[in-house]
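Participant: Once you've had a glance at the structure underneath, I'll fire off some questions.
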Amino acid sequence: MALTSTRRHTTTRHAHRNPFLLGTVFVGGACGTAIRSLLEDAFSRPTGSWPWITFAINVIGAFVLGFLLEALVRSGEDSGGRRLARLGVGTGLLGGFTTYSTFMVETTKLPWPVAVGYAVTSVVVGALAAWAGIRAARSVTLRGGENA
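Each position in the sequence shown, counted from 1, maps to that position plus 21 in the working numbering.
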């Protein structure tokens, strides 16, 4: 018995195979990384102190990402401009802007009790910020006349 493929061939490619969408993520990521780097350089901190800039960047990024994704989900299917916004702004810009790696490196450079407080606070406040962004997007779309 011959094995046959049940996969249907479609004309749309997955995002990771589409050079234009990959370029959109790349450009967004480069811009987000540049903005983060400029902020980190502009507001340096003494070694061993709370990394406020990284903390603020990650919390702001979590809020904006929560808002963006909820607004996009509520506005229609993931195609066209919505898909470009999700990939370019969400994955690219905000992915480059926020930074888990810097968060971890900074955590290892803090005194142990401060490091634990920083790690726990960052995760909890980041999750709350994402939730607040989702709620804010819901509120905006509800006021716009859409039913939840």
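In this text, a Cβ means the ideal position worked out from N, Cα and C, and glycines have one as well.
(1) Could you say which of Gly101, Leu93, Trp133, Phe124 lies nearest to glycine 154 if we only look at CA atoms?
(2) If we count Cβ pairs, one from each stretch, closer than 8 Å, do we get three or more for the stretch 45-52 versus the stretch 94-114?
(3) Helix, strand or coil for tryptophan 71, going by three-state DSSP, please let me know.
(4) Is glutamate 127 closer than 8 Å to proline 67 when the C-beta atoms are compared?
(5) Assign serine 160 to buried or exposed, taking buried as 16 or more other Cβ atoms, counted over all protein chains shown, within 10 Å of its Cβ.
(6) Could you tell me whether the Cβ atoms of glycine 101 and alanine 51 are closer together than 8 Å?
(7) On a CA-only basis, which of Ala55, Pro132, Leu89 is nearest alanine 150? Give me that one, please.
(8) Taking DSSP as the reference, what is the three-state secondary structure of leucine 131?
(9) Exposed or buried, glycine 87, counting other C-beta atoms within 10 Å across all chains shown (16 or more means buried)?
Facilitator: Let's see:
(1) Leu93
(2) yes
(3) coil
(4) no
(5) exposed
(6) no
(7) Leu89
(8) coil
(9) buried
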